[in-house]
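Using the working numbering, the first residue of the sequence shown is number -2, and each one after it goes up by one.
We put the beta carbon where it would ideally sit given N, CA and C, even for glycine.
Report on the following structure.
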Amino acid sequence: MLAGRLEHGGESKMAYVIAAPCINVRDGACIDVCPVGCIHGRQEDEQFYIDPEDCIECGACVPACPVKAIFAEDAIPEKWKSFIGRNAGYFKKWAAEPPVAGRPGKT
Ligand code: F3S
Ligand code: F3S
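Here is the structure:
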């Protein structure tokens, strides 16, 4: 099956992806180190997400996360592959009204 390849909507661009360990943690350290500000979330979201359109694949966010939630798209564990679509889908959902960058979980 080519499902893994097709999951990304046929786009060739790669990106980093935030997976399950971020859920209900939302540490936010990744936001502080991302040079292009492509990590977003809203107060009510269970995790944060990386915008695959803006991610420049620098890898800076990976060591910043205390729960090791961030992976390169081609290195994400099989059990968390669905998070590739979850991250990308989040931004499609909010295309008309993008979420604000920042630390929505911390006030
Ligand atoms: Fe940002 Fe680089 Fe990660 S662009 S999302 S810090 S890979
Ligand atoms: Fe989540 Fe880790 Fe960032 S817990 S908000 S991916 S630093």
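Contact test: residue i Cβ vs ligand 1 heavy atom, cutoff 6 Å
i: I36; result: yes
i: Y87; result: no
i: I28; result: no
i: C19; result: no
i: A66; result: no
i: A57; result: yes
Secondary structure of residue i, DSSP reduced to three states
i: V33; result: coil
i: I81; result: helix
i: F45; result: coil
i: V14; result: strand
i: A72; result: helix
i: G67; result: The question names Gly, yet the displayed sequence has Ile at residue 67. It is a strand residue.
i: G1; result: For G1, the predicted structure reports a pLDDT of 39, less than 50, and the residue's modelled location is therefore unreliable. The matter cannot be settled from this model.
i: V22; result: coil
i: G86; result: helix
Near ligand 2: residue i beta-carbon under 6 Å from a heavy atom
i: A16; result: no
i: D24; result: yes
Exposed unless 16 or more other CB atoms sit within 10 angstroms - verdict on residue i
i: V14; result: buried
i: K89; result: exposed
i: E162; result: Because the chain in this structure spans residues -2 to 104, residue 162 falls outside the shown range and cannot be described.
i: E50; result: exposed
i: E70; result: buried
i: A72; result: exposed
Pair within 7 Å by beta-carbon distance, residue i and residue j
i: N84; j: I53; result: no
i: G56; j: F45; result: no
i: W77; j: A17; result: yes
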